[in-house]
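A.B. asks: Sharing a structure with you now.
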Amino acid sequence: MTLEEYKNSDDIKWKERIIVTCILRSMHSGVLTIPPLPKYTTTPKTTRRTRKPQKKKKKDKKEKQAAKWKKVKKIKKEE
404 MTLEEYKNSD DIKWKERIIV TCILRSMHSG VLTIPPLPKY TTTPKTTRRT
454 RKPQKKKKKD KKEKQAAKWK KVKKIKKEE
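Below, the structure written as structure tokens:
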């Protein structure tokens, strides 16, 4: 079986087909470049995305001051 026949056969895996295509191309051009193959063994399925937890918003100076005054007022009322 030649490389052309192997490339067009049904029992070839898709990663192997990429490599065979690169080899055939290199036979014509003289330069062999094999692209980085995906790390998946099968076609990847879409994964369900989850929301990232939102960071707590920092209080600005006015909110901090207002919270401070509320505490002071509570303390004065208790006395």
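Take the sequence shown: its letters are residues 404 to 482, numbered as in our numbering.
No residue lacks a Cβ here, since even glycine has one placed at the ideal position from N, Cα and C.
#1: In terms of residue numbering, what span does the alpha helix (DSSP H) encompassing THR424 cover?
#2: Going by DSSP, what residue range makes up the alpha helix (DSSP H) through LEU483?
#3: From SER429 to PRO438, what distance separates their C-alpha atoms?
#4: Measure the alpha-carbon distance for ASN411 versus THR424 and round it to whole angstroms.
#5: Would you kindly check if the distance between the Cβ of LEU406 and the Cβ of LEU435 is under 8 Å?
C.D. replies: Walking through what the data contain:
#1: Start and end: 417-432.
#2: Past the edges of the chain, shown from 404 to 482, lies residue 483, and the structure says nothing about it.
#3: Roughly 13 Å separates the two Cα atoms.
#4: 10 Å
#5: no
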